[in-house]
Amino acid sequence: MKKILVVDDSETVRHQVRQALAGGKYTIVECKDGIEGLETIRTNDDLMLVLCDVDMPRMNGLEMVTELQRLGNSVPILMLTTEGDPALVKRAREAGCKGWIVKPFKPQLLAVAVTKFVPAGSDE
Amino acid sequence: MLLRDRVPGSPLGVDDPDPAGGDNDLREKQIAARIQASILPGQVDIEGLEIAAGMLPTEMVGGDYYDIIPVKDGCWIAIGDVAGHGLAAGLIMLMIQSTLHGLVKLSPDAHPRELVSALNSVLFENVRRRMKRREHVTFCLVRYWPDGRIVFAGAHEDILISRARGEVEALTPTGTWLGAIEDVSKFTIDKAAQLQPGDVMLLYTDGVIEARNASGVEFGYETLKRVFKELSQSNPTAIRNGIVDAVRAWTPNIDDDLTLVAIRCQGVYWPETDTDEGQ
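These protein sequences, in sequence, are chains A and B. Each number in my numbering comes from the position in the first sequence (counting from 1) with 1 added on. Each number in my numbering comes from the position in the second sequence (counting from 1) with 4 added on.
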């Protein structure tokens, strides 16, 4: 199954993501902050996509993607956040993120977005 | 008069409403209303967008038109208003819809100004030369891409954008009425803007801002902006319905079609090779 990481300090949001991507096509791995996320990404080279919040304790999402960029890790990342500040969006884009989705999100929109980056037939 | 008698200057018998307001007039209105309702898009899912659109038609059939046409990367969004009522307005709307869809199918990556100019050529030929009528159309065409870019052209009401950080911006399309002159290409200019995640774009027809209360005062552009700003944290359906409710509260008798297209930018996606500003 295709493995997707969700990095968000909100259990509610992680649950919403699990619900939106339910159906047996994906294995969802979860982390609660950027430090956990960073470690999980570094130790799981079969991740096909990361969905990442911005505002989180210890290490925020933008710090995490900046660190991944510095490390040369190219796993696709979609920011999933309540933030819409253009400066933050720009930072994410410059750090190599693939997109930015605002919360609350429509489940079908998230599912479509994931399909865009984890296409059918790209099973690991 | 509908297909009843061919009067000079009105080859299809599409004439002004029966001044006596008789059965023919009523039939024309019913047919026009059916044309108007039947060509509007149903539910359309576009990547990254949450859309709520709708039209509140009047008995007169005011000639409003809107459309959302999906293409491979994003969509085309159109809104227009035929200056006229009844069957002729309905027929012109149908021409706009058919021509636009054909143009988009043929050239999904065209510039909006190109499609607007081509659409005008068809309308001018049909409305002025063949139907020998004088209707014209206010019309705006928007091209949206999944990275949040929009490019738009035409002559219509401002596009309002409620930014996620709170303010409402107005984008004024540049162009001229369709169907009035043979070539609008010199007057039709593409303009661009960037939607950010969480922004809400609102397109509307003049029936919204020109709705008059019992004292004859119009609902107005500033009131629309204020109501839109107050509603902008809601989802598009609530925004659309909230504005309609505000107009209805303002005026007991809505006497022109009222069309609203509320679009929330739910997400943006950046192409692999494009890392420039674009914001």
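All C-beta atoms in this analysis are idealised placements derived from N, C-alpha and C, irrespective of residue type, glycine included.
Listed in chain order, the positions of the region 52-85 of chain A with a beta carbon within less than 9 Å of a beta carbon of chain B are Leu79, Met80, Leu81, Thr82, Thr83, Glu84, Gly85. Counted as a single uninterrupted DSSP element, the stretch harbouring Ile50/B is not any alpha helix (DSSP H), since DSSP gives it neither H nor E. Only Ala168, Arg169 from the region 151-183 of chain B bring a Cβ to less than 7 Å from some Cβ of chain A. Beta-bridge analysis with DSSP links Pro240/B to no other residue. Around the CB of Gln101/B, 16 or more other CB atoms lie within 10 Å, so the residue is classed as buried.
Beta bridge pairing from DSSP links Met80/A with Cys53/A, Trp101/A. For the pair Ser189/B and Phe232/B, the CB atoms are not nearer than the 8 Å cut-off. In the displayed model, Glu31/A falls within a strand according to three-state DSSP. By the criterion of at least three beta-carbon pairs nearer than 8 Å, the region 45-57 of chain B is in contact with the region 71-81 of chain B. At a C-beta separation below 7 Å, Ile102/A has these neighbours in chain B: Pro201, Gln270, Gly271. Taking a 10 Å sphere around the C-beta of Lys76/B, we find fewer than 16 other C-beta atoms and assign the residue as exposed.
Taking the CA atoms as reference points, Val212/B sits about 9 Å from Tyr225/B. Secondary structure at Ala197/B: strand, using DSSP grouped into helix, strand and coil. Within chain A, not a single residue places a beta-carbon under 9 Å from that of Glu214/B; the smallest gap is close to 32 Å. Taking 8 Å as the upper bound for CB-CB distance, Val66/A and Cys98/A are in contact here, some 6 Å apart. With its beta carbon at least 8 Å from every one in chain B, Arg92/A lies outside the interface. Under the three-state reduction of DSSP output, Pro74/B falls in the strand class. The beta carbons of Leu50/A and Leu81/A sit about 11 Å from each other, so the pair does not count as a contact at 8 Å. Here Val55/A is not near Leu6/A, since their CB atoms are 8 Å or more apart. Under the DSSP assignment, Met2/A falls outside any alpha helix (DSSP H); it carries neither an H nor an E label. For Phe223/B, no beta strand (DSSP E) encloses it, and the DSSP letter there is neither H nor E. The Cβ atoms of Gly24/A and Asn61/A lie no closer than 8 Å to each other. Taken atom to atom, the span from the alpha-carbon of Asp210/B to that of Leu145/B is near 16 Å.
In the structure shown, the three-state DSSP call for Arg268/B is strand. For Glu226/B, the nearest beta carbon of chain A is not closer than 8 Å to its own beta carbon. A straight line joining the alpha-carbon of Leu63/A with that of Arg43/A spans about 16 Å.
With a threshold of 8 Å between beta carbons, Trp274/B makes contact with chain A.
Shown here, Trp149/B sits in coil according to DSSP, grouped into three states, outside any helix or strand.
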